[in-house]
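Input: a single structure, listed below in structure tokens.
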Amino acid sequence: MNKVICGLMLCLSLGVATAQKDKCLAKPCKSLSLPAEKAEWFREAKFGMFLHWGLYSMLEGSYKGRTLPDTTLRYGKSWYAEWIQPRLEVPMDEYKALAKSFNPIKYNAEAWVREAKNAGMRYIVLTSKHHDGFALWDSAVSDFDVMNTPYKKDVIDELVKACKKYGMKYGFYYSHWQDWTFEGGARPHWEPKVDDKLFEKYWQEKALPQVKELLVKYDPDLLWFDTWNEETHITEKRRDELIALIRANSDKCLINGRICFTNPGENIDFLEMFDNDYPKEIINKPWQTPATMQHSWGYHAKDYNWKSADEMLRYLVNNTSKGGNYLLNIGPKADGSLPLPAVRRLREMGAWLMANGEAVYGAKPLDIETPEGVYVTYKVIDGKSYAYIFLTKPIEFLGFHLNARKAVVLETGQPIPVETVKLIFERGEEYEAVFTIPADLFRDSSIQVLKVQLN
Ligand code: JFZ
Numbered sequence: 001m002n003k004v005i006c007g008l009m010l011c012l013s014l015g016v017a018t019a020q021k022d023k024c025l026a027k028p029c030k031s032l033s034l035p036a037e038k039a040e041w042f043r044e045a046k047f048g049m050f051l052h053w054g055l056y057s058m059l060e061g062s063y064k065g066r067t068l069p070d071t072t073l074r075y076g077k078s079w080y081a082e083w084i085q086p087r088l089e090v091p092m093d094e095y096k097a098l099a100k101s102f103n104p105i106k107y108n109a110e111a112w113v114r115e116a117k118n119a120g121m122r123y124i125v126l127t128s129k130h131h132d133g134f135a136l137w138d139s140a141v142s143d144f145d146v147m148n149t150p151y152k153k154d155v156i157d158e159l160v161k162a163c164k165k166y167g168m169k170y171g172f173y174y175s176h177w178q179d180w181t182f183e184g185g186a187r188p189h190w191e192p193k194v195d196d197k198l199f200e201k202y203w204q205e206k207a208l209p210q211v212k213e214l215l216v217k218y219d220p221d222l223l224w225f226d227t228w229n230e231e232t233h234i235t236e237k238r239r240d241e242l243i244a245l246i247r248a249n250s251d252k253c254l255i256n257g258r259i260c261f262t263n264p265g266e267n268i269d270f271l272e273m274f275d276n277d278y279p280k281e282i283i284n285k286p287w288q289t290p291a292t293m294q295h296s297w298g299y300h301a302k303d304y305n306w307k308s309a310d311e312m313l314r315y316l317v318n319n320t321s322k323g324g325n326y327l328l329n330i331g332p333k334a335d336g337s338l339p340l341p342a343v344r345r346l347r348e349m350g351a352w353l354m355a356n357g358e359a360v361y362g363a364k365p366l367d368i369e370t371p372e373g374v375y376v377t378y379k380v381i382d383g384k385s386y387a388y389i390f391l392t393k394p395i396e397f398l399g400f401h402l403n404a405r406k407a408v409v410l411e412t413g414q415p416i417p418v419e420t421v422k423l424i425f426e427r428g429e430e431y432e433a434v435f436t437i438p439a440d441l442f443r444d445s446s447i448q449v450l451k452v453q454l455n
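In the working numbering, the protein residues as written are 1 to 455.
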């Protein structure tokens with residue numbers, strides 16, 4: 001049976017709306033959604049590396065004596081160095097001319113991937129094109145790309161090869177809505193909205209063809225789109241057009257919820273929280289928090305607001321205990337090297353995960369009340385159930401509604417006294433486990449993990 005007939009039959013049997021059927025007649029019909037199993041790797045991965053890298057990295061958060069945030073300028077009040085062009089009012093021609101000297105001679109994709117791997121990260125997401133419209137790959141669609149720089153090599157191609165070599169999943173951030181250098185692309189919110197017809201032209205001539213290019217050339221595991229809570233050109237129709245394009249060109253590429261933040265619909269594969277936003281409740285659909293190590297995403301030499309490795313590990317375990325991932329950003333320097341403070345933190349986090357990763361990777365949330373600063377995950381290993389309890393600050397006694405048989409410190413195997421009592425209520429039986437935690441455990445300041453056998 002040929003593909004067209006096959007597609008048609010699928011459509012008819014699903015009884016989809018007429019409009020959808022017409023589309024299916026033209027092309028083999030593919031569902032707009034991926035089977036949920038395709039996102040299983042993502043659900044289990046927990047920790048990923050985000051990379052914001054582009055022409056803005058060359059300015060390092062400052063321009064002509066001004067540094068972000070600069071409150072004397074009307075829209076200068078932001079740390080986000082990748083927004084430097086509109087916020088510090090860099091003339092567009094001057095900004096675009098940065099491409100003439102973009103030459104990241106220290107870029108070593110394998111070194112990046114090794115650093116991610118050592119940090120315990122299981123996927124990498126690089127900005128293939130941010131709001132400035134500059135493409136980090138060899139794009140046939142636009143000349144505003146890395147091939148028109150002194151570097152003249154396809155940065156994305158190098159990263160993809162390195163990811164494949166090290167078995168690292170990879171995906172790309174693509175700014176499908178904002179594009180400040182292509183006529184019709186969405187502009188910063190303080191500027192007049194562009195005419196929707198012009199946006200359509202941008203959409204058809206740049207956004208869709210570039211996304212297709214990324215899919216066909218690099219076969220990504222996920223695509224990361226970016227919109228937020230304001231009026232946009234990303235209507236349901238355009239959202240679905242983009243999803244359909246992705247499904248037609250890949251049977252594995254996951255799509256994030258920011259493809260249309262206020263109305264992601266049912267066909268996306270995972271939800272994307274706000275920047276640095278850590279939910280307090282379990283969420284069942286796969287999700288992640290994109291997060292910064294400092295305030296800025298793009299490299300900012302004067303953003304000294306570094307979070308500690310410990311703080312970031314707390315965000316990671318918070319998210320793990322709520323069923324979500326942590327996508328932690330690095331802003332590489334323009335020369336391609338990674339900032340030392342970022343590398344040091346990555347290595348610290350990686351060291352902690354090396355010893356405690358069992359409690360994180362592939363672990364599930366456990367819907368149980370916990371004291372403040374305590375997080376829990378759950379796992380079945382060889383038919384036995386375990387709860388992992390993360391203690392992010394010193395605590396002496398710990399009570400849980402759990403039938404705990406035995407508890408040890410995950411890293412060292414040190415036994416932890418636990419007493420479980422059975423309580424009989426009208427509503428049924430409940431167990432209450434009380435752990436007595438030796439004060440000495442907290443001589444070590446990192447998060448302590450208890451492994452608790454439940455049956
Ligand atoms: C967007 C980008 O603008 C930013 O540069 C970075 O790439 C980040 C990951 O995503 O940031 C946002 C996110 C949310 C809002 C504005 C910008 N918002 O809610 O107003």
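Cβ atoms here follow ideal geometry from the backbone N, Cα and C, with glycine treated the same way. As the structure is a computational prediction, the values presented were derived from the model and not from experiment.
Per DSSP, reduced to three states, the secondary structure at Met121 is coil, with no helix or strand assignment. Judged by DSSP in its simplified three-state form, Gln178 adopts strand.
Contact annotation: the segment 302-319 does not touch the segment 257-272, with fewer than three C-beta pairs closer than 8 Å.
With a cutoff of 6 Å, Pro286 does not count as near ligand 1, since its C-beta is closer than that to no heavy atom of the ligand. Rounded to whole angstroms, the separation of the alpha carbons of Val146 and Val155 is 7 Å.
In terms of Cβ geometry, Tyr95 and Ser296 do not form a close pair [threshold 7 Å]. For the pair Arg87 and Ser78, the CB atoms are nearer than the 7 Å cut-off. The beta-bridge partner set that DSSP reports for Thr377 consists of Pro365 and Tyr388. In terms of side-chain proximity, the C-beta atom of Asp444 is found no nearer than 6 Å to any non-hydrogen atom of ligand 1. Within the same chain, and ignoring the five residues on either side of Ala342 in sequence, the residues whose Cβ sits closer than 6 Å to its Cβ are Met293 and Ile330. Within the segment 106-177, the complete alpha helix (DSSP H) segments at least 4 residues long are 109-118 and 155-166, listed from N- to C-terminus.
Remark: the shortest separation between the CB of Asp132 and any heavy atom of ligand 1 does not fall under 6 Å. Between Phe274 and Thr227, the alpha-carbon positions lie close to 10 Å from each other. Using a C-beta cut-off of 8 Å, the segment 388-408 makes contact with the segment 430-447, since at least three inter-stretch Cβ pairs fall below that distance. Only residues of its own chain outside the window of five on either side were considered, and among them Asn356, Ala359, Tyr388, Ile389, Phe390, Leu391, Val409, Leu410 and Glu411 have a CB closer than 8 Å to the CB of Val449, listed in chain order.
Leu402 and Lys393 have their C-alpha atoms some 21 Å from each other. When Gly76, Trp83, Leu32 and Val160 are compared, the shortest CA-CA separation from Gly54 is found for Trp83. Annotation: Leu327 is outside any alpha helix (DSSP H); the continuous beta strand (DSSP E) that includes it extends over Gly324 to Ile330. Taking C-alpha positions only, Asn267 is separated from Leu59 by approximately 38 Å.
For Phe42, the enclosing alpha helix (DSSP H) begins and ends at Glu40 to Ala45.
Within the segment 190-244, the complete alpha helix (DSSP H) runs of at least 4 residues fall at 196-202 and 208-218. Under the DSSP assignment, Gly350 falls in the alpha helix (DSSP H) whose first and last residues are Leu340 to Asn356. With a beta-carbon spacing of about 7 Å, His233 and Trp177 fall inside the 8 Å limit used to define contacts.
When rounded, the separation of the alpha-carbon atoms in Cys163 and Asp196 is 38 Å.
Excluding its 5 nearest sequence neighbours in each direction, Arg74 has C-beta neighbours in its own chain below 8 Å: Trp190, listed in chain order. Taken through DSSP and simplified to helix, strand or coil, Ile255 comes out as strand. Asp310 and Pro209 have their C-alpha atoms spaced approximately 42 Å apart. Secondary-structure assignment with DSSP links Ala407 through a beta bridge to Val452.
Between ligand 1 and the CB of Pro290, the shortest heavy atom gap is smaller than 6 Å.
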